[in-house]
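No gaps in the numbering here: position 450 of the sequence shown is 444 in our numbering, and each next residue is one more.
Since the structure comes first, as structure tokens, the remarks are kept for the end.
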Amino acid sequence: MKYIIYLFLLTVLNITAQKSANMAIDIRLNQLGYAIGKTKIVSINSAKVISNLHYRIKNKKGDVVKKGVIVKSQFWKDASEYVGTIDFSEINEEGEYVLVIGDKQKSIRVSSSIYKEAAKDVFKYYYYSRSGIEIKKEFGGKWARPLAMLDTKAKVHSSAATKKRPEGTVISASKGWYDAGDYNKYVVNSGITTYTLLSAYENYKAYYKQRKFNIPETNNNLPDILDEVIWNLDWMLAMQDPNDGGVYHKLTGLKFSGVIMPKDYKLDRYVVKKSTGAALNFAAVTAVAARIFREFKKEKPGYSTRLINASKKAYAWAKQHPNVYFLNPKGVKTGQYEDSNVLGEFQWAAVELFITTKDTMYKKDINIKSISNKVPWWQDTSALALYSILHFEKELTKELNVLLAKEKLLNKARNLKNRIEKSPMRIAMSAQDYLWGSNGVAGNQLLYLIKAYEVSKDNSFLEVAFAGTDYLLGRNGLGVSFITGLGEKASKNPHHRISEVDKIQQAIPGMVVGGPQPGQQDKCKYLSKMPAKSYSDTWCSYASNEVAINWNAPMVYVMNALHYYQTK
Ligand code: G3I
Ligand code: 9MR
């Protein structure tokens, strides 16, 4: 009898222990699913230590295809959570599965085209961000909106006045993409953004020549990605002062608008102070575009020549004005994209101009030793120079120290790969990466790993890029997919004026939100101050939940590349 009671108590204790463990755990996974033949990881997160946690994975027929026990967990300090890992990389049959842990379960998809649709959604964000166009139902679905904000009457601000273009001169600087949740347009943030899309094309030409994204230009003879980039390039070209080659830093209202649709925007628009940063971002991007559009002389006659001439003039202006750093002039209260260290931008612009023109005057300015291999972002574009040098490695091998460039890039990529392999969450993000726009950091880390794969053909870089992409799609500190409309539990209330007031319940899909960061500069309501959990899915939170053209760009590159590698 005693033995039966003992057994009964033991069973009850075991069930209770399992139940309390289940209550405390959260299953974090890639909400889009997992790629056949690639690494597949689910993270089990808990405020408490995880041990002896049983799990099963069942297929659609209900057969258990994998089972196991998580015997220990690792402490993830950026979220102050314990993390158990389930690696089910061996499951490679296309289909739907269910992960069962006690009374919790989650659906998991294994597929050969995980990112096919997502790669299109993150790209379409740029079409929805176009200024000065009607978004038609045929291309924009229920997020159609009327023509607005043509920007044909922008005034030269006092900070940008010159003899030939005095204050109040009216210029047209139409088209371009709204920067983010606001309706302003900034040349510096256009730099890394436009380059990333151009680089995607330059590295995967055949893929992008056949990939259709259902935009108004889809049926012309240009790849859709280039049509979309032209929308912003044309605006950038209009931001250059033809009299001296200088480039206005931004086109903006004097303050952020209210929470309105573009058609209700009433603020006067200005082009504001020229800056060295704007000139160099402009010079680099137009030099890349010039070499790409050489291939399309019939479709875009004269465009390549116009771009390279503009690039040269902007670079010359920057050389004559090497330290004109932007800060908002008095009375201007919109975004700054300030940058008082433009050495990296000088290297990037010189590299792109040399690659495109082979003119030794630019080669003279290149010093690969000085180029930082840090993961690039709007304020430090140095590594973009490494990307381009290594794309043209063969062509440049006798001209530049490409071996040093390769060593720099691969060293950084190995560092990122090691972080992923050692991290409790198998992600590259570390404490100092949780900044305003941390999801942009995450995207650029993944892009960096794919660049390393392109350059080295070392498959381990591609493997960790696949695993690392889980982070933005749900395997993170909140179990939320940080890309609107992608996944069962995705960001819903981005700081994006159009999505906030367009009377459509769902936010425009495919937008990467800024991501967790402990700065909480917006002073909105957050549930945690931990770096990896400090995120608020509210309109209010522009410091963690805004969307921006530079945060989507790496995910266009990454998701389309991963789709390409999955299906090639
Ligand atoms: O780089 C430093 C880092 O060294 C330091 O440790 C850290 C903590 O202090 O700060 C880091 O700099 C931060 C930077 O973002 C890096 O992410 C700055 O403090 C922070 O102010 C800066 O925020 C920028 C924000 O505008 C405010 O200026 C974001 O990068 C930038 O993406 C964001 O851009 C805005 C546009 O101005 C307007 N349109 C919306 C867009 C997105 O929110
Ligand atoms: O909407 C603006 C967003 O694009 C900026 O990134 C952010 C920080 O500069 O500012 C947002 O505008 C807010 C302004 O700064 C303060 N009043 C409320 C505005 C809307 O949230």
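Even for Gly, the Cβ is constructed at its ideal location relative to N, Cα and C.
| Check | Outcome |
| --- | --- |
| Compute the minimum distance between the beta carbon of E540 and the heavy atoms of the ligand 9MR, and state whether it is under 7 angstroms. | yes |
| Can the beta-carbon of K244 be found less than 8 angstroms from the beta-carbon of N178? | yes |
| Are Y442 and V550 close, meaning C-beta to C-beta below 8 angstroms? | no |
| Hey, out of L248, Q499 and A461, whose CA is closest to D81's CA? | A461 |
| Does the beta carbon of D176 fall short of 7 angstroms from some heavy atom of the ligand G3I? | yes |
| Does the segment 425 to 444 come close enough to the segment 74 to 91 that 3 or more CB-CB pairs lie under 8 angstroms? | no |
| In whole angstroms, give me the CA-to-CA distance for S83 and I35. | 7 angstroms |
| Measuring straight from C-alpha to C-alpha, what distance separates A377 and L403? | 8 angstroms |
| My assumption, with CB atoms under 8 angstroms, is that V506 sits in contact with N433. Please give the rounded CB distance. | 5 angstroms |
| Cα separation between G135 and A542? | 21 angstroms |
| So K42 and A18 are in contact, right, with Cβ under 8 angstroms, and what is the actual spacing, rounded? | 5 angstroms |
| Classify Y356 as helix, strand or coil using the three-state DSSP reduction. | helix |
| Output the distance between the C-alpha atoms of S538 and L1, rounded to the nearest integer angstrom. | 51 angstroms |
| May I ask you to report which of helix, strand or coil DSSP gives I543? | helix |
| Return the bridge partner residues of F69 from the DSSP annotation. | Y76 |
| Please report the residue range of the beta strand (DSSP E) in which Y246 lies. | Looking at the sequence itself, residue 246 is Thr, so the reference to Tyr does not match. Counting along the chain, the beta strand (DSSP E) containing T246 begins and ends at Y242 to T246. |
| Under 8 angstroms, do G329 and D145 count as touching if we go by C-beta distance? | no |
| Rounded to the nearest angstrom, what separates E482 and V474 at their Cα positions? | 9 angstroms |
| Would you call the segment 332 to 343 in contact with the segment 263 to 282, where contact means no fewer than 3 C-beta pairs closer than 8 angstroms? | yes |
| Would you decide whether A501 is buried or exposed? Buried here means 16 or more other CB atoms lie within 10 Å of its CB. | buried |
| Kindly indicate which three-state DSSP category G63 falls into: helix, strand or coil? | The sequence given here places Val at residue 63; Gly does not occur at that position. The answer is strand: DSSP assigns V63 an E or B state. |
| Should A407 and G509 be called a contact, given that it needs their Cβ atoms to be closer than 8 angstroms? | no |
| Are the segment 96 to 111 and the segment 528 to 535 touching, with three or more C-beta to C-beta distances below 8 angstroms? | no |
| Residues in the same chain with beta-carbon distance under 8 angstroms from T280, minus the five sequence neighbours each way, listed in chain order, please. | L227, M230, L231, L301, I302, A304, S305 and A308 |
| Check whether the Cβ of L321 sits closer than 7 angstroms to any heavy atom of the ligand G3I, and report yes or no. | no |
| So, under 8 angstroms CB-CB, G126 and M143 are touching, yes? Tell me the CB distance rounded to an integer number of Å. | 6 angstroms |
| Return yes when at least one heavy atom of the ligand G3I lies under 7 angstroms from the C-beta of D173, else no. | yes |
| Let me know if N317 comes out buried or exposed under the rule of 16 or more other beta-carbons within 10 Å of its beta-carbon. | exposed |
| Three or more C-beta pairs under 8 angstroms: does that hold for the segment 146 to 155 against the segment 511 to 526? | no |
| Classify A200: buried if its beta carbon has 16 or more other beta carbons within 10 angstroms, exposed otherwise. | exposed |
| Helix, strand or coil for H48? Go by DSSP, reduced to three states. | strand |
| I need the boundaries of the beta strand (DSSP E) containing N39, first residue and last residue. | I35 to S40 |
| At which residues does the alpha helix (DSSP H) containing L466 begin and terminate? | Counting along the chain, L466 falls outside any alpha helix (DSSP H), and DSSP gives it neither H nor E. |
| Pick out whichever of T246, S251 and V265 has its Cα sitting closest to the Cα of V164. | V265 |
| Residue ranges of each beta strand (DSSP E) run of no fewer than 3 residues wholly in the segment 110 to 150, ordered along the chain? | 148 to 150 |
| For F348, which residues in the same chain have their Cβ closer than 7 angstroms to its Cβ, ignoring the five residues on either side in sequence? | Y356, K357 and I360 |
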